[in-house]
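Residue numbers (the working numbering), protein chains in the order written: chain A, 1 to 416; chain B, 417 to 853.
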Amino acid sequence: MNLNAADYPDLQSALDAAIDGDRVYVPAGIWKSPAASGFKIRSSIEVYGDGSGPAASSNGTVLVPGGPNLDLLAVECSYGALDGVYIHDLRLDQEPIGQVKPSRGVVCALASLQAVDTIRIERVSVIHCTGNGIHVTGADGVTGFVGRVILDHTICSTIGGYGAYFENVRLVSSLRGECDSGLLGGMHCKSCGVALYNAGFEYNGNVSAPTVKTISLWLESCRLALVAACRFENFYFGGPAIACQFDGCRGSAEIRAGTFLQGLGSGEIAPAAVNAVSISVPSSATGAGPVVVLQASHVRVHPFLVQVDASAVGAIIGSSYEFVEPGMPFTAGSVQLPGNPNSGMLSAAFVRRESGANDSVGVILPSWDLAADPTGSAQHGMIYMHLHGAVAEPRVCLPKPGQPGQVEWKAILLST
Amino acid sequence: MILNVLDFPDLPSTGLDRVSAALTAANSGDRIYLPARVPYQAPPGGWIVTKGVEIFGDGPGPCDETAQYRNGTILVPHSDSIGDHVFVLVPPEPPPGVANNDRARLEGVYIHDLAIMSRSAARGGGDGIRFVSVDTPISPDYPLGVKHKLTVFSASRIAIRNLGGSGFRLVGADGGFGAVNNVLMDMCDVAGCGSAGIVIREGYAVAMTSVRSVSNVSGAVSGDIGEIAMMGCSFEGAGIAPAYACVRLDRFSQVLIEACRFTAFGKPPTTIPEAGRALALLDVKGSATVVGCAFELSAPNQFATGIAIENTLQHTGPVLVLPNRFVNVGPAVLVTGESHGVSVMPQFGSPLTIGGNDAAYVTLPPATSVDNAAFGVPNVNNGTTNRIGALAIPILAANPTLQLTSGHTAYVVSSGTPGVDALRMFVGGAWHDVSLS
């Protein structure tokens, strides 16, 4: 059934009247929440407006807080599970006259034994929050979880926390979303599956606190992290900065066809650690990877396009393009792989520079510090670099004479 | 123009229910609205859609297999008979005497925001949305037969439950006038059906985004020939013999599977030797890429294969398997012989043994299979102990003669006789055996 919020005393009354499967239409205009609380969605319904309208205007369907420190639109699941909530074509913003800001925009914070299957947010703008713009957390990912969060054409802008924060969500997928001007960062996903396509991250960080490390997209302990055709712009504010950090991800992580653009101004030649992509292994983790970085395009990034911690495994770095401004060191935009036995790296980390020298490298063989050759996974046609103490020797695996089905490792003899 | 079906008389006894009446009245490009909380029962055989129209409801609502909660727009088949479908897409017939051209095509059908369910909590009825191209003579006027074509078909936010057939059955006859072209399925949810959840054949430019297909008897997706992209989908189920695959794609020329989740595809090991496969890529004839997917099983059905790349007819490939996640899975990636140009990159897998047997391993074509051009670093990270892998380079029976670049080419030459294989590199315009210990 389609309910029109204009037929009710206020929007919350319409939300309360709706039952599972209903649609609540919120016509264009300013809709102020109760003074003591934000709007609450307690059933599996669709809530939609006449469009978000431009920021700071009264056009479109705009939800605003009725008082300070309110979560503006909360999805609540008292016990059990909600099938799905669908929110689209509206804006969550500050109150236009007194400019009272929401604490958080869209919120779903589940406790144990609570689950929401799907939260779908399309063509929604979340603006001027003092906390996170979109905040969705499952209790532990097992007894309390969110199945899927789908963001399509959704914008989080001018946010005091993260533009979007997700924790224990089985899959966050975003198409053409944007997180900009988040003081803590653009998006932080923790213990989630993540797939982002064509998303934008811009001006995330705190210019007033440049010593705080800024991460535009922080993927922490994610089982799946897929970032494709995304754009990271102006992610340096004078201190340590990383555009995209894979932090202790264990499963599958990939970033491809990314654009990393550091604009003119103070960030043009960054003296600090400003990396486009960082593959890190926190001290609490026992490893990270595999991670794939393919065909990224970078502008004015220094020192590293890609930086990989020592205990990351299975990283694959493809070729990249780096635009180096006059005056920047030619080593800008380089790829840093671990210097230790690298646990299965494969790379042709060629960097094409617009000016200056290109970094040309060959294929990097996996290397292992072993007393003996691998046996369990040895297969015909494999090559690796055998490290044993100070001895490094390339070896190839071939069929064993006279023993069908058996293979053996042979050292490759090098000329002196 | 929007047509509200409630504005049409409902006279099912005369063979014209209100939805059929709206479909008859509509012109191509019109929108047909089915408000919620009204039971819509299809006529015998299903509603026939012959025009490019939009059919939409107020959303599927929280579809519950027990039929207790049906608050959205719910459509049911006429009976529990397997021949009673819900929507049947049929192109308008071409002019008399014209056959095998592309006039017999249905273009621009868009169905969204509704649920298609069996009449009760029990499974019953035919297919949910059905298109079957005709590739045989259908009347004396068309002695050559008419191949119907479906093009630009979209389905969004449709829940399908407990049908006797498939949720979607889109079957083309060939890649031309009988094809299924430009299909988008978005946020569709197919569960509990008696056949495969989604059946597609000769489907080209098919995209599935955020689709869920679970607990269907013959697996989640069964596909033959075509091009398909799946992103952010969830699939469950082991399928049935002989495929035993949750998602089976046979002879596809283009496959892209990203960020999908496969679960419950295992079988008890004592039941079936193969014990199920999450994703079977059979006889790929073009390009296939699998990346960022999760394959997860629970005890005791853990001895299933994650990704099976198989050749059954001719050479298959290339296939690129970028990092994926395998939990409680037997072989993570299993590549059989004569699979060419298969690249397998590092994977995440845990645990590395199940019941004392290897698990989460990668198997490339055996040494008896040459010319496979397999490439990659098939090592596996489980976070604590890594399954060590090395760079796998192509194995060939003879020196390549084309596209040679000095110093850039290396391969293992396989003579077929163990012990005389060699590592060769092309340096300085000639092939050289590299010295080995």
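Even for Gly, the Cβ is constructed at its ideal location relative to N, Cα and C.
Being a predicted model, the structure only gives us computed values, none of them experimental.
* Local Cβ density within 10 Å of Q406 of chain A, reported as buried at 16 or more and exposed below that -> exposed
* Does the beta carbon of G21 of chain A come closer than 7 Å to any beta carbon on chain B? -> yes
* Starting from the C-beta of P667 of chain B, find all residues in its chain whose C-beta is less than 8 Å away, skip the five residues before and the five after it, and write them out in chain order. => Sequence inspection shows Arg at residue 667 of chain B; the Pro mentioned does not correspond to that position. Answer for R667 of chain B: D640, I641, L698, D699, V700, K701 and L729, listed in chain order.
* To do: Could you name the residues of the same chain whose beta carbon sits closer than 6 Å to that of V293 of chain A, not counting the 5 residues immediately before and after it, in chain order?
  => I255, V277, V306 and I317
* Could you confirm whether any beta carbon from chain A is found closer than 7 Å to the beta carbon of F764 of chain B? => yes
* Secondary structure at V550 of chain B, three-state DSSP: helix, strand or coil? -> coil
* Mapping DSSP to helix, strand and coil, what is D83 of chain A? -> strand
* Asked: Would you say G757 of chain B reaches chain A, if we count a Cβ-Cβ gap shorter than 7 Å as a contact?
  -> no
* Asked: Should I576 of chain B be labelled buried (16 or more other beta-carbon atoms within 10 Å of its own) or exposed?
  -> buried
* **Within chain B, partners of S173 of chain A - CB distance below 9 Å** => T625, S626, M647, G648 and A675
* Rounded C-alpha distance that separates I490 of chain B from D474 of chain B -> 9 Å
* Would you say W218 of chain A faces chain B, with C-beta separation under 7 Å as the test? -> no
* To do: Answer with yes or no whether the minimum CB distance from L807 of chain B to chain A is below 7 Å.
  => yes
* Asked: From the DSSP output, which residues share a beta bridge with Q307 of chain A?
  -> A:S278 and A:Q336
* To do: With DSSP collapsed to three states, give me the class of T143 of chain A.
  => coil
* To do: Flag A411 of chain A as yes if its beta-carbon sits less than 7 Å from any beta-carbon of chain E, otherwise no.
  => Structure shown: chain E not included; protein chains present are A and B.
* To do: With 7 Å as the limit, tell me which residues of the stretch 306-321 of chain A have their beta carbon closer than that to any beta carbon of chain B; keep them in chain order.
  => V313, G314 and I316
* To do: Could you check how far apart the C-beta atoms of G239 of chain A and A288 of chain A are, in whole angstroms? I think they sit under 8 Å.
  => About 24 Å; that fails the 8 Å criterion.
* **Per-residue DSSP class, three states only, for A270 of chain A** => Residue placement at A270 of chain A is poorly supported in this model, since its pLDDT is 49, which falls under 50; the coordinates still yield a value, given next. Three-state result, A270 of chain A: coil.
* To do: Would you tell me roughly how many angstroms separate the C-alpha atoms of W847 of chain B and C397 of chain A, rounded to the nearest one?
  => 19 Å
* Asked: Counting only beta-carbon atoms, is I41 of chain A nearer than 7 Å to chain B?
  -> no
* G376 of chain A versus chain B: which residues are under 9 Å apart at the beta carbon? -> L768, D774, Y777, R803 and I804
* Asked: Where does P391 of chain A land, buried or exposed, given buried means 16+ other C-beta within 10 angstroms?
  -> The question names Pro, yet the displayed sequence has Val at residue 391 of chain A. When all chains shown are included, V391 of chain A counts as exposed.
* On the three-state DSSP scale, how would you describe Q12 of chain A? -> helix
* Using the beta-carbon count (16 or more within 10 Å), is Q403 of chain A buried or exposed? -> exposed
* State yes or no: is the beta carbon of L3 of chain A nearer than 7 Å to at least one beta carbon in chain B? => no
* Return the CA-CA distance between V751 of chain B and H298 of chain A, expressed in angstroms with no decimal places. => 36 Å
* Thinking C-alpha only, which one of A:A17, A:C156 and A:Q245 is nearest F260 of chain A? -> A:Q245
* Under 8 Å between beta-carbons, which chain A residues line up against M761 of chain B? List them in chain order, please. => P290, V292, G314, I316 and L346
* Per-residue DSSP class, three states only, for V100 of chain A -> coil
* Applying the criterion that 16 or more other CB atoms from any shown protein chain within 10 Å of the CB defines a buried residue, is A270 of chain A buried or exposed? -> Legend: pLDDT at A270 of chain A = 49, less than 50; position of this residue unreliable, value from coordinates given subsequently. Its Cβ being crowded by 16 or more others within 10 Å, A270 of chain A is buried.
* Leaving out the 5 sequence neighbours to the left and right, which residues in its chain are closer than 6 Å to D529 of chain B when beta-carbon positions are compared? -> F472, G473, G475 and R573
* To do: Using three-state DSSP, classify T705 of chain B as helix, strand or coil.
  => strand
* **Bridge-paired residues (DSSP) for C249 of chain A** => Per DSSP, none; premise fails for C249 of chain A.
* Asked: Quick one: Cα of H380 of chain A to Cα of G771 of chain B, how far?
  -> 27 Å
* **Residue burial classification, H388 of chain A (beta-carbon count within 10 angstroms, cutoff 16)** => exposed
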